[in-house]
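Add 10 to a position in the sequence shown, counting from 1, and you land on the number used in this note's numbering.
Note that the Cβ used here is the ideal one computed from N, Cα and C, for glycine as well.
This structure is a prediction, so every number in the text was calculated from the model and none was measured.
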Amino acid sequence: MPNTKSAEKRLRQERKRRLYNRSVKSSVKTAIKKARLAIASGLDAEAAVRNAISTLDRAVKKGVLHPNNAARRKSRLMKLFNSAKAASSPQQAQVGS
């Protein structure tokens, strides 16, 4: 337990901040999961990826995530999206011809 008034205040602030950060991180994880599922299913993946990137940028702006952490996650998500897009393009071209 905190011994001083300032330590008590710090504890209160940390609890409040931890709850706030947890909700932001949770929304980031949810957006990334939805984007990955959309990429796997091929249904409206571009919008889901855009939303996930926006959510990551918002978390960085709020100071919840480190900018490099968000950049890494965005890079991995875009890599997955682009590879899925490239894999689906040749199949569509073969069907059309």
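For proline 12, the three-state secondary structure derived from DSSP is coil.
Using a Cβ distance threshold of 8 Å, leucine 90 and arginine 20 do not count as a contacting pair. In the same chain as valine 74, and ignoring 5 residues on each side of it, the C-beta atoms closer than 7 Å to its own belong to Asn31, Val34, Lys35, in chain order. Residue state for leucine 75 is assigned as coil, using DSSP reduced to three classes.
Nearest to lysine 84 by C-alpha distance, out of Ser99, Glu24, Lys43, Met11, is Lys43. Shown here, leucine 53 sits in coil according to DSSP, grouped into three states, outside any helix or strand. Only buried fits alanine 80, as 16 or more other CB atoms lie within 10 angstroms of its CB.
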